[in-house]
Each structure stands twice: as C-alpha cells, then as structure tokens.
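Chemist:
Numbering (our numbering), first residue to last: 112 to 292.
1. Let me confirm a value: residue 163 is counted as buried when at least 16 other C-beta atoms fall within 10 Å, else exposed. Which label applies?
2. Compute the distance between the beta-carbons of residue 255 and residue 247, then report whether it is under 8 Å.
3. Report the three-state DSSP secondary structure of residue 126 (helix, strand or coil).
4. Report all residues from its chain with a CB closer than 6 Å to the CB of residue 117; omit the five preceding and five following residues, and keep chain order.
5. Please return the same chain residues whose Cβ sits closer than 8 Å to the Cβ of residue 270, not counting the five positions on each side in sequence.
6. Look at residue 223 and residue 214 and say whether their C-beta atoms are less than 8 Å apart.
7. At the 8 Å Cβ level, is residue 199 part of the contact set with chain C, yes or no?
8. When we look at the beta-carbon of residue 138 and count the other beta-carbons within 10 Å, is it buried (16 or more) or exposed?
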C-alpha cells in the first residue's frame, strides 16, 4: 500500500488547484479522511481475517462501491452552505477512489478488489512504480523511509505541481477578470 501520509496528497493538491471557494478547508479535511478510510481493513488482521479474504486488506474497503458509499455519506452529512451536496459527493468520492488506485500502483500485495461485491478478483494497474509500504511498526524502518522518499517523487511532487498550476491559473483568471471590471 502507499503510505497514509501520501494518500492525503490527493485532496491537498485538489484543494490548491480548485481553491477555498470551491473546496472549503472543511471539505479538504473530509477528503483527506476519505483517502485513508479504506485502510480501516487493516483491523481485519487483529480478528484473524486472512489478507486474501474479501473482508481482508485491500478487499471490500478498496472497492468502487465503498468509495461511492463514502462520497454519499459525506454528501448526506455535509453542512456547508456554500458547497452543494453533489460537489461534496464528487470530491469525497474522487478522494476515496484515489486510495485503491494508488494502492494498485504498488509493487506488492495481492491486488485491489475494485469490483467488489460483483467480483472478489483483485487487480493491479499495469504500471507499479510505488514500492509497497511496510504496515505497522515496520514503517519506522529504513525501508519505510525509502518508500516515503519514493512517494515524495511519484505522488507528492505531481500533486503539488498540479495544485500549484491550478492555483496559478486561478490567480491569472482572477486578475484578468478584475481588469475587465
């Protein structure tokens, strides 16, 4: 899996690109939580549920259905007057869906059950440049540091680049609009 620290790069980049008007800070925080919710399935190890089970790690919690449910839950409970429920749904769905997509880009594990409950087959993406992260205390090791450094290059820098580019475009458009008025 990608590290919990790198999953949150997605909503941060989107927040930077879209701005606080479209994505208030509270929605960005909801998106950050949505990106890490899939790994609640790590608790399955404590209950003796095997990794390869549909209820195990990278099983049902990493599915499209779960991302839809997370988006729906956030849209239903949203209280921001400025953000429409559909916008909350799409933002949190995209954030939640980014988790299994990033995990499917790793070089280890059993794959992702994207299509649960219709299929328990697990998939990887054709390209797997992200080294799988150690789980638990193993993360605080040389291997964990190496994984995170790789994620800085493959996840954080692209997300910050897209976010910064979106920010710059918004500022240029605002300047242009202000000159016309």
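We put the CB at the ideal spot given by N, CA and C, even for glycine.
Modeler: Inspection of the coordinates gives the following:
1. With fewer than 16 other Cβ atoms from the protein chains shown falling within 10 Å of its own Cβ, residue 163 counts as exposed.
2. Contact check for residue 255 against residue 247 fails: the beta carbons are separated by 8 Å or more.
3. Residue 126: helix per DSSP, three-state reduction.
4. Within the same chain, and ignoring the five residues on either side of residue 117 in sequence, the residues whose Cβ sits closer than 6 Å to its Cβ are 262, 266.
5. 120, 121, 123, 124.
6. For residue 223 and residue 214, yes; Cβs fall inside 8 Å.
7. Looking at the structure shown, chain C is missing, and only one protein chain is on hand.
8. Burial check for residue 138: the Cβ neighbour count within 10 Å reaches 16 or more, so the residue is buried.
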